[in-house]
Each structure stands twice: as C-alpha cells, then as structure tokens.
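Protein chains in written order, with numbering that gives the first Met the number 0: chain G, 0 to 208; chain L, 0 to 208; chain X, 0 to 208; chain H, 0 to 208; chain E, 0 to 208; chain S, 0 to 208; chain C, 0 to 208; chain Y, 0 to 208.
Think of the CB as a built atom: it goes at the ideal place given N, C-alpha and C, for glycine as much as any other residue.
Given the structure is predicted, the values throughout are model-derived calculations rather than measurements.
8 protein chains.
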Amino acid sequence: MTTSFEYNRLNKDDAAVLMVDHQAGLISLVQDYPPNEFKNNVLALADIAKFFNLPTILTTSFEQGPNGPIVPELKEMFPDAPYIARPGQINAWDNDDFVAAVKATGKKQLIIAGIVTDVCVAFVALSAIEAGFDVFVVTDASGTFDETVRAAAWERMSAAGVQLLNWFAVACELHRDWRNDIEGLGNLLSNHIPLYRGLMTSYFARAGQ
Amino acid sequence: MTTSFEYNRLNKDDAAVLMVDHQAGLISLVQDYPPNEFKNNVLALADIAKFFNLPTILTTSFEQGPNGPIVPELKEMFPDAPYIARPGQINAWDNDDFVAAVKATGKKQLIIAGIVTDVCVAFVALSAIEAGFDVFVVTDASGTFDETVRAAAWERMSAAGVQLLNWFAVACELHRDWRNDIEGLGNLLSNHIPLYRGLMTSYFARAGQ
Amino acid sequence: MTTSFEYNRLNKDDAAVLMVDHQAGLISLVQDYPPNEFKNNVLALADIAKFFNLPTILTTSFEQGPNGPIVPELKEMFPDAPYIARPGQINAWDNDDFVAAVKATGKKQLIIAGIVTDVCVAFVALSAIEAGFDVFVVTDASGTFDETVRAAAWERMSAAGVQLLNWFAVACELHRDWRNDIEGLGNLLSNHIPLYRGLMTSYFARAGQ
Amino acid sequence: MTTSFEYNRLNKDDAAVLMVDHQAGLISLVQDYPPNEFKNNVLALADIAKFFNLPTILTTSFEQGPNGPIVPELKEMFPDAPYIARPGQINAWDNDDFVAAVKATGKKQLIIAGIVTDVCVAFVALSAIEAGFDVFVVTDASGTFDETVRAAAWERMSAAGVQLLNWFAVACELHRDWRNDIEGLGNLLSNHIPLYRGLMTSYFARAGQ
Amino acid sequence: MTTSFEYNRLNKDDAAVLMVDHQAGLISLVQDYPPNEFKNNVLALADIAKFFNLPTILTTSFEQGPNGPIVPELKEMFPDAPYIARPGQINAWDNDDFVAAVKATGKKQLIIAGIVTDVCVAFVALSAIEAGFDVFVVTDASGTFDETVRAAAWERMSAAGVQLLNWFAVACELHRDWRNDIEGLGNLLSNHIPLYRGLMTSYFARAGQ
Amino acid sequence: MTTSFEYNRLNKDDAAVLMVDHQAGLISLVQDYPPNEFKNNVLALADIAKFFNLPTILTTSFEQGPNGPIVPELKEMFPDAPYIARPGQINAWDNDDFVAAVKATGKKQLIIAGIVTDVCVAFVALSAIEAGFDVFVVTDASGTFDETVRAAAWERMSAAGVQLLNWFAVACELHRDWRNDIEGLGNLLSNHIPLYRGLMTSYFARAGQ
Amino acid sequence: MTTSFEYNRLNKDDAAVLMVDHQAGLISLVQDYPPNEFKNNVLALADIAKFFNLPTILTTSFEQGPNGPIVPELKEMFPDAPYIARPGQINAWDNDDFVAAVKATGKKQLIIAGIVTDVCVAFVALSAIEAGFDVFVVTDASGTFDETVRAAAWERMSAAGVQLLNWFAVACELHRDWRNDIEGLGNLLSNHIPLYRGLMTSYFARAGQ
Amino acid sequence: MTTSFEYNRLNKDDAAVLMVDHQAGLISLVQDYPPNEFKNNVLALADIAKFFNLPTILTTSFEQGPNGPIVPELKEMFPDAPYIARPGQINAWDNDDFVAAVKATGKKQLIIAGIVTDVCVAFVALSAIEAGFDVFVVTDASGTFDETVRAAAWERMSAAGVQLLNWFAVACELHRDWRNDIEGLGNLLSNHIPLYRGLMTSYFARAGQ
C-alpha cells in the first residue's frame, strides 16, 4: 500500500502563499481558535512568507460590505503583493485575475490560508488541486465557525489530496536546516511561540553570564 | 496521488435535497449539537433549498408512533414536495417510492440531512453512492446521540466517497458568486448566522448615516 | 447556618428588566455561548419581559462607534421603553438617567442581562446591590469572551449577594403556576426550547387524533 | 471562621426523599449527563430510598400534558408512596398537599432530586430551607439543559445553605458503617457502579477458587 | 472516485458476533466512555446478537490472572456459545480454536467488539480483514484508555477497510424494516436508549387514554 | 467583609498528613484525573510528608474485600506510621483508633487526601472541622468518579471552611523559603513536575559547561 | 444577607499593581491558558498599569536558577519600577523589601497577577488581605499547571475576600468613563482584543469613506 | 475494497526504534498530553525497546542551544545506542549519519516517536515511508503544541501509509503471546499503567493469602 509513496515536501524555491479573505469583519466569525492564538498564527504565516521571500497573493471578498477591509497588518506587510479584491466570486479560483496571479508566480506548491476554512479555503484548495497544483493548507492560520465545521472541511480537503500543516510545520519544512539562517528562524519562532521565547530568554541569559 | 482529482462541486442546476426523518420525537435523541444551533442548521438548509429552488423530498419513519410527526416548519415550507411516510423501512432507499421520487428529480447531486446521522443519513447516503449518485451530506443539519457516534458515521461515509459539508459551505458552493443575488444570500446568512447579522447591522447603520 | 435564610424569589409585581449593551458590534465579542444559543437566550428574556409586562429599560454604550447599534430585535420589541444611550459611562449605574429610569419603575427586584458579563453586567449588578436592590442576573442572556472570564464574574457577583439564574428559571419563578396562563407559557417555551417544542408537537399531534 | 461549624450529616432516622418531576417528557430536556448515566443515578437514588426505608414522596407537574407521565420505574418501586400530581404549581412547595406530605414524614432532613435542576429542584430546595428543613440536593440524580445552567443553579442553592451531594455520598453518609449490612450496600454499589461491580466480580471469583 | 463503491451492509443471515475480552479486570481500564454508558453499550450489543440469533463467540485473555473473569452477564446470556479462554495469545486470531470457531459459523460478516479497542479489537479486526472477512467494529461496545488512543485505533482499522459502526447502527442495519418485528426492536431500543424509552412511555400513555 | 481575615497558613511544625483509603481496588474508581497524573500527585504528597517529617497516618476501608490492599508504595514509604485498617466505618473519623492517632500527633493542621473525594475525604474533613482542627484538603491527591462529583464535594467542603490546595501549594506553603533546603525542594519538584525537571536539566547542563 | 454590601471598586487613584514571578522558566509551567492568550493577557495588564500610571512593583523568585529571568518585556516597560529579586522567600509578602515597596506606594487597592496562581499569586493575595489591603487578583494574567489547580486557588482566595477580575474588567473599572480618554482606551483594547480591533478597523474604514 | 489487505504487523525480529528530539527544552512545548502522562509514555516506549532488545537510535537537534540536552533518562537507558546530535537538519532523515544508523540496523519496521509530532516525527516518518520502510508512529510517546496540531499531523502521516499506534499496542503487537514472558510483560504494564498495577496488586494480595 505504501510502496509508491512520494514525499512531496515544501520547497522554498517552488512555493507561493495565498492569503484568502482575512478581513476585519469575517474575522469575527472565527470561533475555532482563541482570538489571540489565531491572530498570532496568521501573522506567523505572513512572517514565514516574508522570511523565505515567497511570492504572496492577497485576495478579499466584497471588502466594501459587511465583510470589511483586509486586516491592516497584512496590507502593510505585503504592500507590493498582487491584491485581488474580488467583485463577487466566493471561490477565488473563479476569479480570472486571481488564477492569473497564481500562475504568474511560476510555482507549483501553493500554501493556502484564509477565512473561513470550509469555504474560502476549501473551495480554492480543491480547485487548485484539480488544476494540478500541490496544495498545502495551513490549518491554524485558517479559521471558521467551530471545530466540527473545521473537521468536516479538513476531511473533504484531505480526501482530495490536500496536505494539512500547521504554520510551524510549514516553516520547518521550508527551512530544512537551521544553519541556513539560525538567527532568522530563531527570531521567527521566538516572536510567535511564547514557550520557545522562554527557552531562548533563559538560554541567552545564561550564555551571557 | 492527486493527479486525477476532479472537483465535483455542487451545481444548483443538478442538485436535489433529501430531508430524512426530521421528526418531533427523534429530535430529542440529538445531543451532538446544542438544541438551538441544530434547529437553526436544519432551517438554514431548508431556506437554501427554497432559495435555490432545489427539488426537495421529505420522508419520515413511523410517524404515527413514538418517532412523532415531521417538524411542522418543514411541512409548512415544502407543502408541495414529495412526502414519503415510510411504513417500516429504516433505510429510506429501501422504499421504492422514495427512490422513485429521487430519480424523478433528474438530478445527479444529492444533498442529504437527517436524524440520526449514523442510520437515517448514513444508510441513504451509502445506498445513493452505490446507485451512482454524487452525495453531499450536510453535517450540521444532521444530528445523533453524541460526538463519538457522529465521528464514526462520518468516517464510514467519507470512506465511501461521500462529501461532508456544513450548510454554509453548501450555500456558498451553490451560489458561486454574490452578484447572482446579493440581497438574497445576505438575508439568508443574516437570518442564520448571528455574528453575520451583527456585521450587517453595523454596516447598514453606518451606510445609512 | 441556614436558620435565617429568606427565599427572595422573583415576583412579577415587583420586578424590572435591564438590558445592558446588547449591541451589534459587542455581540461579536461573545464566545462563551454558541451564537444561536445566545441569540435565543436574549430573545427569550425579552419575550419574558413582554409576557409578564415587566418594566424594561434599554441602554447602550457608545452606539455611534465600533460597539455598534442595539440589536434591532430589542428596539422593535420595546419601542416605548426608556432607552439610555450612554455618552461614555461604562457602568450604566454611573449614568444618572439610567438610575432615574430604574427608580422610576418603583420595583425592588432587578433582572439584569447584558454584554459583556464581567463589565456591563457585573458593574451594574454590584452597584445595584449596593443601592439596596435585589439583583437577579440572567446568566445565559449575558455573554463574554470565554468561560473562564464568565466564571470569575459569576464568583464576584455571587459573593456580593447577586442571585444567578438562567432565563428558564426566571420565567418559571415569575409564573409560579401554569394555570395563570397555560397557553402563554407553553408558547414561550415552545418558541425557545426546541426539545420542548418537540414534546408539544408530539403531544398535540396525538391529542388531535 | 470555622470555629462554630457543625457537621450536619445525613441520618437515616431523620431523612425523607423527594423525587420531583422525573417525567417521561421532561427527561428529554436533560443534557448535562449522558443518558444512561442519568438513568442509573436516578434509579440508584430510588434504591437508596428503598434500602434505608426512607419515607419517599413522588410529585409530577402537568402529567397529562407534554411533560408526560412519571417514569414507570419510580411508580413501580414506590407504589404506596404519597404521589402528588400537581395541577399547576411549578414549585412543588407551593402545593399544600405536597408540603403536608413532607411534614407528615416527621423528618427534618430532605433529600431532593428532580428535573430540571434549576427550577423543579432549586425552587423546592430554597423553599424548604426557608421553612427550616435541612436540605441535601442529590446533584447527579437531578438534570437540566446543560452544564452552565447547572452551575448557576448549584451556586444559588449553595449560597442558601443547601448541601450538594452525589448519590454515592448520600448512600455512604446514611450507611455509616459497612457492618450495618455488608451485602446490602455491596449489592447496591455493584448494581450502579460498573467499576465496583468489576472489583466484586474479580474478588469473588478468586475467593471462590 | 466513487464509481465502483459497493455498499457492503450488514445482513442478519451472514453475520456473526465476536465478543473479545470483556473481562471484569480489564473493564477498569476503559476510560473513553462513562462507565454506565459503556456497560449499556456492551449489553445492547449482546441483546442484538440474541435478538437476531446471530452466532456469537466469546473469548478471554488470561482469565485466571489480573484480567479477571468474563463479565457475568455475557456468560449468562450466551451459555452455549463457543467460549475460548485463550492461554496466552493477545491477538485472538492467533488462537486456532478461535479461528476455527469463527469459520464454523459459516458467516462472512464479523461484528467485533472488545476491550481494549487498540489491541484486543484492532488486532482481531486487522487479521480478519486479511483473512478475507468483512469486518464491522462496534465502536461504542469497545473501550480503551482514553479518546486519543481510540482515535488512533479507529484510524488504523479504517485504513484497512474495517467499517466502524455504533451498536444502534448495527441493530438498524440488521433489522432493515421495522415491520420485521416492531415490538422486538422497540423493546430493544427502549431498554438501551433512555430518551427513546421516554418517547415510548409518553406515546403509550396517550395511546392508552 | 474582609476586615478580620486571618491567613491560616500551613506550618510544618503544626501539621499532620492523613492518607485515607488509597487502595488498589478503589483506585480504579478514580476517573477525574488521568491515571499517571493521579499516581504522581499521591506520591508527591507522600514525598512532602517525608521531606518535612510530618506525622502521617494511613487508613484503609475493608482492605480484605474488593476495595483491595493499600497501594504498596505508601506502605513502603511509611513503615512505622499509624496504620488503621478500619473494620467497617466509612467515615474514618467514626473510628476511635483513627481519631486517637490524629490527636496523638498533637498537631492542629490536618492535610488530608484520599479516595474518593466525596466520601472518604469529605466525611473526614467535615468531621475534623467540626472537631476544631484546621483542615487542608489536597485536591489533586484525592480522586473520584468524575469532575462533576468532585465539584460538588469541593463546594460542600469549602462551605464548611476547608481550605483546598493542590500538592504543589502544600509543599510551597510548608517550605516558606527556598533557602531552608534548596536541593531538597528542587529534587522534590524535579521528581514530580516533568516541566520543572526540564528547566533544571537545561539549567544544570549549562551551568556545567 | 445583601443589606450591607459595599461595592469596593477599583479606583485609579488608590491602586497599585504587583507583577509576581513572570519569569522565562516559570512561564513554561503555565498550561491553563493557550500560550499566546496568556502572553497577551500579561502584556495587557502591563499596558493598563502604564496607561493609568499606577505604581507597579516587579518581583522574581530565584532568577539566577531554573526559574529564569523576568520576561524581558516587563523589565523594558517598567525600567524604574521597584524590582525585588527575592533571595528565597516563596511568598513575596515574606520579603520585607517587597512589603516596604508596597506600602511606599501609599495605595490601598492591590492588583495582583503572577505565576503560578496557586502559590506566587495566592500566597501574596492572602497575606495582603490579612494585612488589610483590598486585593484584586487578575485571573487571566495569572497562570498555573491546569484548570483544576486554578479552580482550587480561586476558591481559596475568594473565600478570603479576594476579588477575581479579568484584565478587561480591571481596565474598565479603572477607566469609569470612555470620555476620560477615548483614544487611549480604544488603542489599548484594539491592541489586545483582536475581535475589538476588527470592529474598529471596520468602523474607521467606513468612517473614512 | 478490502480484498488485498495485508496486515503488516510489528515483528520484534524486524523492528527498530527511533527516538527523535526528546530534549529538555523542547519538552516544554508539549501541551497535547498531561505532563506526567507524556513522561510515562516516553519511558514506557523506552522500556519496550529494552524489553524486546530492539535496536534503538537516539537523535537530537541543536542540543547546545535553547532546545536543551536529551532527557537524561533516555541517555542512561541506552548508553550504547547510536546517538546522532544533528548539527542543523530539522528532518533527521536529511542527516546522513542518522540514515546510515537506521540502515545499519537491518530492520524494515521503524517505530518512531519524538517531539514535536508535526515536525520531528512527521518529517522522518514521511521520509522513511518514501525510502521503503514500514513506519509505525507511537502516537502517545510523541507530543506537540496542542490537539489540533496533532490531528493534522496524524492525518498527513496516515494518508502516506504510516500506521499510528499507542505504546500499549506496540508492546502487545510485538509480544504476541503472554507466554513468551508473562512476568516481563506484566512488570512493564504494571510500571506504566497505574490501573493495571491496581489489578495486579489486588490479584497477588489474594493469591498470596
């Protein structure tokens, strides 16, 4: 059963990041993660995109309406990223500009996160798989109404061949080796994992003695 | 592994809705969702069926006995829908009238919800898959004894090729584009997602200033 | 220890209802109840106030700002109720108009609910106790950030002599005897407790046979 | 602070049991215990009442309506107990026949359980405390809508001086000493605590070798 | 993907039941179900086996040692069933007598439950799948250390083609049609589902009026 | 309200430890803590008693029967401690030898833990409070059937003036100052708190460089 | 019972903040809050102390050892605050310098948070109550091993007259009226409550249109 | 669907154990198991490796930095095992020495555990599957940030053909038959399963009478 398995792992030279509908209004719908944990996860993924210089695409749905504008931090971090404010398509893959922007990156691996997991993320992920891309959904930078909804969305995506990873696994799979940039990865982890920050604080306090 | 995946997504022109055994007595068995959440989910799915004009079929099991009559709201919303009061078959697919009604819709995609998930829903879903239909079970408009029972039922259905979606994903996958009817979808969401209603209330309060 | 206990129970002739800061924006902060459960609880309390003709006072905090307008259902149900849009006081009891409105009811028992439990509810409740009122906080029509915050707020209020009741207990303690209005109470319960609605549906289906 | 504490413990010669509104319809409202656990707890309390020959009073609310008849097991176990089918009073203590039956027992300690905890149990318990009785509410033979409702009801009762005990503690506090009837208590525990039954099965299997 | 799915459903003429290691000592290891719920589930499955006259096989592991004797109820219910007290094999399928007993039933569908899920159940289930049987594991009549252990065991079995069903689904899938024996199935459900018993009690109380 | 509070804190010169019914059979009833956590908590309390040379009393209930013998570790750690194998009294305080042993310690502060919390612990604790002792129940070295039972038992004890502390708080309140024995307390914490052991391992690894 | 209640509420002119043992090593022991939620809570309390110019005292336990240095953010935010590195006292109130620093603030209300809740917080809180201070423990800026340990610590403190508040309630009770500094409080909430930030982002986006 | 399933079960003659990054610092990141449960699980797996004489390989990541040294117990138990302190590779399979050590064992079945599950375990497991090994991940001797992260990691590994087992299942699947060493397996279980120890204590107490 496992004879022909190929480990399709993230490669920083062949990956792009899609941030789908992280909007100020929609964020109030997210109840499957504690609020500050979710905020931290989204910003950690954004930091990963910056750290590895991955092409990044932002998209929003109806941002003039109740869904609200994109969360300001993302707009500030990626001022030059393709930004597709969709006029109506719920599945971003139904928007030609979005697909064109994805294809323009020339990357085969798509790292996707968004709000809400079962719609904005799942629809794009399934379409991208169908289109032949390798899809990695960042589980904890995607949020939805509750844990049961999330479980069904995961099941649907996993059955289609989507790989499910948390942002920490994304960072580590892209980095491969601490020696590629010890301080860079260390800072990223310290900023987003309080317990790791604690380890580093104690370590450097002693190292400095 | 993912090379040949085809995203079989809901299409409002090719979908029918099956409401299985949402009966006044059986509803007391549902303990895997808080009661008002479950009621809301079932009515949301009914509203979806109406909004997209999907052919809808109602069926009940032993409605003269302890299982009780169909919940009145469904009967009122679909006065002209095929209504199959099964004399004894537990699996609705074992009832010829029910299968005939399904086939009479001429649709290939079946959206199924019911009580209880592990029996009334799962049996129909597995039979329908076997009969060549594409089956989409609405996870949160289906209820059962507890979360562990639900998890096993999901596993069994998913292994057979059933797609598991919450009602919100069903609505969005059918609608495709907000511009098809902004107000219609907006109302539907506002009526069934209190947090979305909050967003809309604030939005229109300001828009009206 | 229990020798001198006096059961201070709700009396429909001596009770008023205070709805504090149920606003469209603030409602997105409530994460200690599932959204439709919370919406149902708030509307159930409003129905109780109407059913028993209890004087009811509405108040909001900063409704022109991010907190948003009062939830429309409450405004519609109580068009003639005193409505105090506070210009800045976080504790409604610090607003003279609000206290005057409370005192104008001439009632000694105050039934209080609001958003968020630990601030908008707790502050008013503690002030009202201090002012000599009997205070009954409606636990499930009040919401806040999470269950741990709620637990601490309950502890603080209970230690001060606040009585904690869910809306169902409020309705039953006010009603005293089904014979005062069987159909009225039955409808109220049927509208807000799906499982009770199920019991009634089965009952009347059989009674009608 | 603890200088004057008097341990008011259950005494089989001075205790009566009140079973309040364990009715076939109302039982469907109980969601704070798994169904078979709750059934077992109620029957365990009934067995305790029998085992210690405690005067026992049954009462129901509106048993001809949706609330349904008393659960048959209780009626069968206590064929000669006072049985007060209340015509309308929600608080059983508001029914003169019920209070008379309680007083007729001549006992000062009242062991109370019922459905639902926040109304049928709490109201009676608070009234009984006010009337000068010592009240022991059997926590796990009383059920209600969810754990949050239960927590508030416990808080209200505890603040009034009610003692909260599970049925196992009731049995042990009444029995005092195994030697009063080793086999009797052993059977009771074996019938209602599967893990204790396991211990006894293993024990006697070896003792019999 | 779903084109060739065959719904392999339980057939009372082609099914046997294997009860694996439900022993008085081992039962104390089960912590993934509340104790009375688990006891009820095991006895419900036993009643199903009796009701449908399914060949049933009992087996134990080291019953003279700490694992303890088989729970007495099972021994009493199946006095003539093959009973294989294994001298040491952990996987019952490694015991020739057990396999011979299974094959002697002449059935192709095996309904398996036991303690603990991850060992006594999973090992037999995987061996039976390998041997060409159709395997249905009764999820809630099998118990283990905690929910995380259970989840991994389910995943391992499901990946091998085992179907996971709760006892209620087993009963319903075997029965097919209420008309095969309305009273029989009704009694079975009434004895093991307190909420269903409540429905029946109310129903017959009214029917009898 | 708080004007006259006196902080009655643990004093190693005035405290005794009572270990009540930690027996091999009864331990299988404990389901409110994960098994290894509970085992660790009980042994941590035993280590505290040894470390501070506190007089310690062991007692058991019916140890020849299904309740089983005392857990061997406790017997080995306190070979010379008073050991009262009660012939039948459920409340150890009803046993004269036990009370005599407690009084013989000459201590006023009693640190109590046992199985199960709601009976073996609560009964002794309430009796000891009544007898004028200061009682400190070690919450996490006491176990019972489930968390709801525990919550009621805590409420009952707290209302009587019992102080509730986890073993870590007991150790720290007794020790007062690390300088009394840095290594001793460090070892105790390292042996029973894996995360603290991790801190110490990292610390000393670096200190040793 | 409630006749003489005085609402002792926080007053920014009479309050000081005590930050107890928020150290890099100890923070790894905190498991009763998700890590980023806890970090946010501690920093929110620190921001409150700054915003209201409350005298603030920092203290640590054994910071040269495994407990590790104070978390750097606190040291940076309060460079001039009294900083008491305790040489060994577990209860900071046993350290004369600490008590002197507290008294030097001249404040009667003490707002206390720390790690771990059951020791470093509870011991100080109980000592301060005994010394006649009004004590407000910030529940969510204090952390410990698990939720059960926290519950016992809350109970012990509440019984002694400690008031339990989350940081949001602390901020609101100190601020009293939004008009005292709308932008200041708004920024504080926006920085620490992601859902409130969402409300503000949407609000200002529209206000700016 | 199940026709060609081959039960690839653990074989003590063809299995090796890989312990990946169980380091004193990283252990503080593990929050998906209670601390003493996790510690027990890791040591149980180590005992299994010793008991069956399985070749065992230890590896660490950056042990001189914040991740900290390997937990001392593992180093002590396997003084002669290959020990690969990786200079930077996050995925141990990217380290040639590690892969060489694995291949040198000559075993085809790899039993893998480590910290954290989603990175240190999952990456190695996926690489090993790709390399043609049979991979068995020990679920409960592997830990990570929270249960949601764990669930995604399990899903990813299971989809690749990894088998997920708890340590108890590993022990039992390797042992096959109690008679291979009754006392040995008994001791192992007694040391790591407190409830099993209880069974054995009671058993031998009676056997010794």
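Beta-carbon proximity list for residue i, same chain, < 6 Å, skipping 5 on both sides
i	result
H191 of chain G	N39 and A43
F219 of chain Y	A query on residue 219 of chain Y cannot be resolved here, the shown segment of chain Y reaching from 0 to 208 and no further.
I196 of chain Y	Position check: residue 196 of chain Y holds Arg in this sequence, whereas Ile was assumed. Closer than 6 Å at the Cβ level, and outside the excluded window around R196 of chain Y, lie S189.
T233 of chain C	Here chain C covers residues 0 to 208 and nothing more, so residue 233 of chain C does not appear.
P68 of chain C	A23 and E62
Within chain L, the residues that residue i reaches when beta carbons sit closer than 8 Å
i	result
Q63 of chain H	By Cβ distance, chain L contributes nothing, its closest Cβ being about 18 Å from Q63 of chain H, past 8 Å.
S201 of chain C	L198, S201 and Y202
7 Å Cβ shell around residue i - same chain, five flanking residues per side excluded
i	result
H174 of chain H	L184
W166 of chain G	N40, A43, L44, I47, V137, D139 and A140
R149 of chain H	D31, T116 and T143
F37 of chain L	V29 and G142
W177 of chain Y	L184
For residue i, the residue or residues it bridges with in DSSP
i	result
S60 of chain C	C:R85
Q22 of chain G	G:I69
I181 of chain L	According to DSSP, which records beta bridges pairwise, I181 of chain L is partnered with nothing at all.
I210 of chain E	Here chain E covers residues 0 to 208 and nothing more, so residue 210 of chain E does not appear.
A150 of chain E	For A150 of chain E, which the question treats as bridged, DSSP gives no partner whatsoever.
T55 of chain S	S:V16
Q162 of chain E	E:F135
Residues of its chain near residue i, where Cβ-Cβ distance is below 8 Å and the 5 sequence neighbours each way are ignored
i	result
I128 of chain C	V134, A159, G160 and V161
D13 of chain L	K106, K107 and Q108
M0 of chain G	Note that M0 of chain G scores 42 on pLDDT, short of 50, meaning its location in the model is unreliable; the coordinates nonetheless yield the value given after this. Result list for M0 of chain G: empty, nothing under 8 Å.
F203 of chain H	none
Distance CB(residue i)-CB(residue j) smaller than 8 Å
i	j	result
I110 of chain X	A206 of chain X	no
I83 of chain L	N66 of chain L	no
A23 of chain S	T200 of chain Y	yes
L198 of chain G	A170 of chain G	no
L164 of chain X	A112 of chain H	no
V118 of chain Y	I89 of chain Y	yes
Interface partners of residue i on chain S, CB under 7 Å
i	result
C171 of chain H	I89 and V118
Under 9 Å from the C-beta of residue i: neighbouring residues of chain G
i	result
W153 of chain L	A150, A151 and E154
Cross-chain neighbours of residue i in chain E, by beta carbon under 7 Å
i	result
Q162 of chain Y	R155
Contact set between residue i and chain H, taken where Cβ atoms lie within less than 8 Å
i	result
A121 of chain S	A168
L194 of chain E	I26, S27 and P34
Cβ-based contacts, 7 Å cut-off: residues of the stretch 24-40 of chain X near chain G: For the stretch 24-40 of chain X, residues whose beta-carbon sits nearer than 7 Å to a beta-carbon of chain G comprise S27 and Q30.
Under 7 Å, CB to CB, which of the residues in the stretch 164-188 of chain Y have a partner in chain H? Identification of residues in the stretch 164-188 of chain Y having a C-beta nearer than 7 Å to some C-beta of chain H yields an empty set.
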